[in-house]
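**Q** Starting off with a structure, shown below.
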Amino acid sequence: MEYASTRGGTRAVDFEGALFSGYAPDGGLFMPQRIPSLDRDTLHRWSSLFYPELVKELCSLFIPAKLVPRNVLDELIDRAFSRFRHKNVVHLSRLKDGLNILELWHGVTYAFKDLSLSCTGQFLQYFLEKKQKHVNILVGTSGDTGSSAIESVRGQKNMDIFVLLPKGLCTQIQELQMTTVIEDNVHVFAAHGNSDEIDEPIKELFADVDFAGKYNLMSLNSVNWSRIMVQIAHYFYAYFQCAPSLDTNPLPMVEIVVPTGGGGNITAGCIAQKMGLPIQLVTVVNSNDIIHRTVQNGDFSLAESVKATLASAMDIQEPYNVERILWLLSGSDSHLIKTLMEQFNISKRLKLPEDLHRKVSSSLTQHCVFLSETLGSCSASDQDIVGAMRRCWEENQYLLCPHSAVAAHYHYSQPHSIPRCCLAPASAAKFQDALLRAGLVPQIPPEITALTAMETRSTCLERGQDWAQVLRSQIEAVTQHWEAHASQSAPQGGGGSLGR
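Taking my numbering, the leading residue of the sequence shown gets 6, the next gets one more, and so forth.
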């Protein structure tokens, strides 16, 4: 199994190379050159597995045993999930009116990103310990990614993590989950900008190939293939929980509704679909609706500005994983994707070619669009979000986070003839302001309440500062410190270079 850039300008790499990369050197994103196809017998066999076992089976298809022996892979994944609060790691709540909520938020930070990042952190540490190497991880976060990434690597001697958050645009709890982690290898920057603006200095550093190589830069955003890979398991687990029977021919369809920000999770769903899982996908967004417009009319173009919404982690204008989806739907046409994305990078506007859009489009119904072959889409306003949160509470005494409520809004507004599962990316406990706006009473776990009394640490990035240069300087200083310490403590000889 090798991985190629969506833009085709970079040599293929193995899993280790993809793991330790951010963007590919040509600006694209790494994807497996071949998507495994699963037969009916495999689906039957997997249907009785618990979530962690599904993750192991799926990861073994994308990580060759010569790189990570299967018994070691299983141990790493068990270790990754050892801090989750629910015994099954994830949980399906079956509510009234056919509303099935797959709770993906039982990890340390109460967000679905704990699932993929905890595994990715274990994979990183495995290779770094083998080779006695060090990496610098760059993460831009609109909410939950930063805290999940920090928790996945905190205290690790072989990794330093640099997290940029948009000051005042995350919830207080999300921000505290990052700034209260006082570890030598954790560096948090509170930037006076929005989610797309904090991505710019990160892209600039990765685009400087010499700097990125010298300082072993990598990303834990959903740019990183490892996160996409682990998230594929969400769809298999949701399908097996919601499908009425696997004894029919053909296998029954299940619709899976996916709250979407940067597009990593919906990309994983498209891959599951390509692997042969009989699912229909719906990507749901808030008022920042570029993905919805892309599905609806092929308009992959920026709006005038990012709109602040109750579903703040989805306040994203440039969902970079759309590039992966277009690559999949184009039949891996890297020349086409390179042309399209270079055009978008220049003008920030892109009209999909008609034949490509046909693969991702169908008739429009009110504010929702459904594509029978590939995926559907829906956008929700803050009013829609609040309405879904209230209705779910009134009917079920069940609190939804505003991102999960975007999916619930789709469920409540669109009739369904097949089983449907809504993915819930975060606990409602992280979004007290949204709950209060909906007239609901937050239920706050003690671990979250305790954050307000803890010491915080972060570096402020003001408008007008050269944010990329601030990051460069700190990365250089941290790496020099690690190298000095390593040269004093490490035995002579050693290691080889990291796969990139």
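All residues carry an ideal CB built from backbone N, CA and C; glycine is no exception.
(1) What does the Cβ neighbour count give for M394, buried or exposed, with the cut at 16 atoms within 10 Å?
(2) Straight-line CA distance for L441 to H490?
(3) Drop a sphere of 10 angstroms on the beta-carbon of P171, count the other beta-carbons inside from all chains shown, and report buried for 16 or more, exposed for fewer.
(4) Which term fits P74, buried or exposed, when burial requires 16 or more other beta carbons within 10 angstroms of its beta carbon?
(5) Measure the beta-carbon distance from I330 to T272 and round it to whole angstroms, keeping in mind my assumption that it falls under 8 Å.
(6) Given a threshold of 16 other Cβ atoms within 10 Å of its Cβ, counted over all protein chains shown, does A243 qualify as buried or as exposed?
(7) Taking K435 as the reference, give the member of H408, A195, H340 and P30 with the closest Cα.
(8) Per DSSP, what kind of secondary structure is K356 in: helix, strand or coil?
(9) Find the nearest neighbour of L34 within the set W51, E180, A9 and E62, judged by alpha-carbon distance.
(10) How many Å lie between C175 and I390 at the Cα?
(11) Which whole-angstrom value describes the C-beta separation of L225 and T125, a residue pair presumed to lie in contact below a C-beta threshold of 8 Å?
(12) With 16 as the cutoff for other CB atoms within 10 Å, does R45 come out buried or exposed?
(13) Going by DSSP, what residues sit across from H414 in a beta bridge?
(14) What is the DSSP secondary structure of A195, counted as helix, strand or coil?
(15) Looking only at C-alpha atoms, which of S53, V113 and P69 sits nearest to I453?
(16) To which residues of the same chain is M223 closer than 7 Å at the C-beta, ignoring the five residues directly before and after it?
(17) Give every residue of the same chain whose Cβ lies closer than 7 Å to the Cβ of T370, excluding the five residues on either side of it in the sequence, and list them in chain order.
(18) In its own chain, which residues sit with a C-beta less than 7 Å from the C-beta of S506, not counting the 5 before and 5 after it?
(19) Would you mind working out which of F86, S42, H421 and A473 sits nearest I261, comparing C-alpha positions?
(20) Write down the C-beta distance between V365 and V300 rounded to the nearest angstrom, noting that I regard them as a contact closer than 8 Å.
(21) Please confirm whether L104 and A154 have their CB atoms less than 7 Å apart.
(22) Under the rule that 16 or more other beta-carbon atoms within 10 Å means buried, what is K92, buried or exposed?
(23) When you measure from the CB of W51 to every non-hydrogen atom of the ligand GDP, does any distance come out below 6 Å?
(24) Taking 7 Å as the limit between beta carbons, can you name the residues of its chain near I237, skipping five residues before and five after?
(25) According to DSSP, is A431 helix, strand or coil?
(26) Whole alpha helix (DSSP H) runs in the segment 220-272 with 4 or more residues, listed along the chain?
(27) Beta-carbon separation of W230 and A70 under 7 Å?
(28) Taking 7 Å as the threshold (C-beta atoms), are Q127 and L81 in contact?
(29) What is the DSSP secondary structure of Y403, counted as helix, strand or coil?
(30) For A9, report the span of its beta strand (DSSP E) as first-last.
(31) Can you tell me whether E108 is helix, strand or coil according to DSSP?
**A** Let me spell this out:
(1) Position 389 of the sequence shown, counted from the start, is the residue given in the question as residue 394. Buried: at least 16 other Cβ atoms inside 10 Å.
(2) Your numbering for residue 441 matches position 436 in the sequence shown. Your numbering for residue 490 matches position 485 in the sequence shown. For the pair L441 and H490, the Cα-to-Cα distance works out to about 49 Å.
(3) On the sequence shown, position 166 is the one that residue 171 refers to. By the neighbour-count rule (16 or more Cβ atoms within 10 Å), P171 is buried.
(4) To locate residue 74, count along the sequence shown from 1; it is residue 69. P74 comes out exposed.
(5) In the sequence shown, counting from the first residue as 1, residue 330 sits at position 325. In the sequence shown, counting from the first residue as 1, residue 272 sits at position 267. Their Cβ separation, rounded to whole angstroms, is 6 Å, which keeps I330 and T272 in contact under 8 Å.
(6) The count along the sequence shown starts at 1 and reaches residue 243 at position 238. In the assembly as shown, A243 is a buried residue. Its beta-carbon has 16 or more other beta-carbons within 10 Å.
(7) As a first step, residue 435 must be located in the sequence shown, where it is residue number 430. It is H408.
(8) Within the sequence shown, residue 356 is the residue found at index 351, counting from 1. In the structure shown, K356 sits in a strand (DSSP, three-state: E or B).
(9) Stepping through the sequence shown from its first residue, residue 34 is reached at position 29. Nearest C-alpha to L34: A9.
(10) The residue you call residue 175 lines up with position 170 of the sequence shown. The residue you call residue 390 lines up with position 385 of the sequence shown. Those two C-alpha atoms are separated by around 17 Å.
(11) Numbered from its first residue, the sequence shown carries residue 225 at position 220. Numbered from its first residue, the sequence shown carries residue 125 at position 120. Contact holds; Cβ gap of about 6 Å.
(12) What you label residue 45 is simply residue 40 of the sequence shown in a count that begins at 1. Answer is exposed; the Cβ neighbour count stays below 16.
(13) Start at 1 with the first residue of the sequence shown, and residue 414 comes out as number 409. According to DSSP, H414 bridges with nothing at all.
(14) Taking the sequence shown and counting its residues from 1, one reaches residue 195 at position 190. The answer is strand: DSSP assigns A195 an E or B state.
(15) Within the sequence shown, residue 453 is the residue found at index 448, counting from 1. Considering only S53, V113 and P69, the residue with the shortest C-alpha distance to I453 is V113.
(16) Here residue 223 refers to the residue found at position 218 of the sequence shown. Cβ neighbours of M223 beyond the five flanking positions: F25, S26, G27, V140 and I142.
(17) Position 365 of the sequence shown, counted from the start, is the residue given in the question as residue 370. Only weak support is given to the placement of T370: the predicted model assigns it a pLDDT of 32, under 50, and the question is left unresolved by the model.
(18) This structure cannot settle anything about residue 506, because the visible part of the chain is limited to 6 through 505.
(19) The sequence position of residue 261 within the sequence shown is 256, counting from 1. Out of F86, S42, H421 and A473, H421 has the C-alpha closest to the C-alpha of I261.
(20) For the purposes of this step, residue 365 is identified with residue 360 of the sequence shown, where counting begins at 1. For the purposes of this step, residue 300 is identified with residue 295 of the sequence shown, where counting begins at 1. Going by Cβ atoms, the distance from V365 to V300 rounds to 6 Å, so yes, they are a contact pair.
(21) Position 99 of the sequence shown, counted from the first residue, corresponds to residue 104. Position 149 of the sequence shown, counted from the first residue, corresponds to residue 154. Cβ distance not < 7 Å, so L104 and A154 don't count as in contact.
(22) For the purposes of this step, residue 92 is identified with residue 87 of the sequence shown, where counting begins at 1. Exposed, because fewer than 16 other Cβ atoms sit within 10 Å of the Cβ of K92.
(23) This structure lacks the ligand GDP, and indeed carries no ligand of any kind.
(24) Here residue 237 is taken as the residue at index 232 of the sequence shown, counted from 1. Here the set comprises L63, A273, I276 and A277.
(25) In the sequence shown, residue 431 corresponds to position 426, counting from 1. In the structure shown, A431 sits in a strand (DSSP, three-state: E or B).
(26) 230-247
(27) Here residue 230 is taken as the residue at index 225 of the sequence shown, counted from 1. Here residue 70 is taken as the residue at index 65 of the sequence shown, counted from 1. No, the pair does not count as a contact, with Cβ atoms beyond the cut-off.
(28) Sequence index remark: in the sequence shown, residue 81 carries index 76 (1-based). Sequence index remark: in the sequence shown, residue 127 carries index 122 (1-based). A contact, by the Cβ cut-off of 7 Å.
(29) Working through the sequence shown from its first residue, we reach residue 403 at position 398. Three-state result, Y403: coil.
(30) Indexing the sequence shown from 1 puts residue 9 at position 4. Counting along the chain, the unbroken beta strand (DSSP E) around A9 starts and ends at Y8 to S10.
(31) Position 103 of the sequence shown holds residue 108. Reduced to three states, the DSSP call for E108 is strand.
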